[in-house]
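Just below is one structure, and these are the notes that go with it.
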Amino acid sequence: MTTYLIVNADDYGRTPGVSLGIREAHLRGIVTSTTVLMNMREVQEDLGRALSECPHLGLGVHLVLTSGGPVPSLANGGGAFPDMAEQVERLSRLDPAEAMAEWHAQIERFVAVTGRAPDHLDSHHHVSYSSEMLFRAMLELADEYGCAIRVPRPANGGPMVGLPSALAPVVEEFVVRLVSEFAPRSPDYFEGTFYDAQATRTTLVNLLADLPSGVTELMCHPGYADAELLTGSTYNRQRETELRVLTDPAVSALVKEWGIQPITFQGLRLD
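Whatever position you read off the sequence shown (first residue = 1), add 28 for my numbering.
Structure (structure tokens):
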């Protein structure tokens with residue numbers, strides 16, 4: 029069985045420097061796909077550059093409730109989405125219709141800019157997996173737009189990556205149940221450990237060497253730490269480290285040498 033790899037860069041549109049870094053990681057490295065924050069200030073211009081400069085880059089929507097501007101009733105009083113920690117505490121009070129409306133608007137903006145549906149959906153800070161209501165909303169949207177989704181299931185059978193430890197057991201239960209109900213297109217495995225201190229060449233080479241047969245999505249966050257990112261995010265210089273590793277010619281050579289097939293989420297239509 030063939031080994032396929034989607035290298036998906038989160039946060040396209042977060043800042044111009046992040047978007048530039050993702051485009052370079054695609055053109056000079058192993059990134060095949062990106063997922064776009066459609067509520068960011070310069071995302072329309074950044075998407076235009078992706079469409080013209082990177083015609084083979086997969087484009088999805090990074091559904092967001094924890095960064096940038098929200099629908100008013102989801103705001104925390106300051107005109108912005110609450111952060112992830114506060115959002116988890118407020119899940120029981122979220123209006124499902126408002127969350128769905130906000131995400132629908134984000135996808136529709138993507139369609140208006142690109143002229144097509146996204147090839148996949150995932151979510152900023154994994155918020156769509158933090159409650160059954162939000163995960164169901166993402167699945168319904170994926171069904172409506174005919175696109176794939178990210179399912180954070182590690183190949184080693186370990187816990188889902190990026191979720192608060194207190195939520196993990198209940199989240200895993202409803203994710204499995206709803207995936208069975210909706211049967212969305214998604215990669216077989218998700219690899220989310222290439223991050224922060226673990227975003228090294230050694231880590232990446234080891235991950236590539238141990239890829240299972242089937243389709244794996246490798247999440248990454250390359251970018252340039254421009255002034256906007258430095259003042260607005262704690263994950264800033266780390267993105268430049270990721271960019272250097274992902275564009276290392278030796279890494280690209282290993283992907284080819286080991287017969288790993290780079291694809292986008294559109295490549296999930298392998299049947």
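Glycine included, every Cβ here is placed at the ideal spot set by N, Cα and C.
If the criterion is Cβ atoms closer than 8 Å, does the pair E60 and G88 meet it? Rather than Glu, the amino acid found at residue 60 in this sequence is Thr. No. Outside cutoff.
Hey, L91 and S151: beta-carbon distance below 8 Å or not? yes
Put A145 into one of helix, strand or coil per three-state DSSP. coil
Which residues in the same chain have their Cβ closer than 7 Å to the Cβ of R213, if we skip the five residues on either side of it in sequence? A176 and L296
When you compare only the Cα positions, how much space is there between V233 and G242? 18 Å
What number of angstroms, rounded off, separates the C-alpha of E270 from the C-alpha of H249? 7 Å
3-residue-minimum beta strand (DSSP E) runs that sit fully inside the region 204-273, ordered along the chain: 217-219 and 242-248
Counting C-beta neighbours from all protein chains within 10 Å, is the total for T43 16 or more, i.e. buried, or is it exposed? buried
Apart from the five residues just before and just after D147, which ones in its own chain have a Cβ nearer than 7 Å to its Cβ? G86, L87, G88, C175, A176, T292, F293 and Q294
From G143 to R267, what does the alpha carbon distance come to, in whole angstroms? 29 Å
Residues in the same chain with beta-carbon distance under 7 Å from Y263, minus the five sequence neighbours each way, listed in chain order, please. H249
State buried or exposed for P83, treating a residue as buried only when at least 16 other CB atoms are found within 10 Å of its CB. exposed
Less than 8 Å separating the beta-carbons of A170 and P240? no
Give every residue of the same chain whose Cβ lies closer than 7 Å to the Cβ of T275, excluding the five residues on either side of it in the sequence, and list them in chain order. E52, A53, R56 and G57
What residues in its chain sit with their C-beta under 7 Å from that of F138, if we drop five residues either side in the sequence? V64, M66, V89 and P146
Report back the beta-carbon spacing between N36 and E168 to the nearest angstrom; my notes put them in contact at under 8 Å. Contact doesn't hold; Cβ gap of about 22 Å is too wide.
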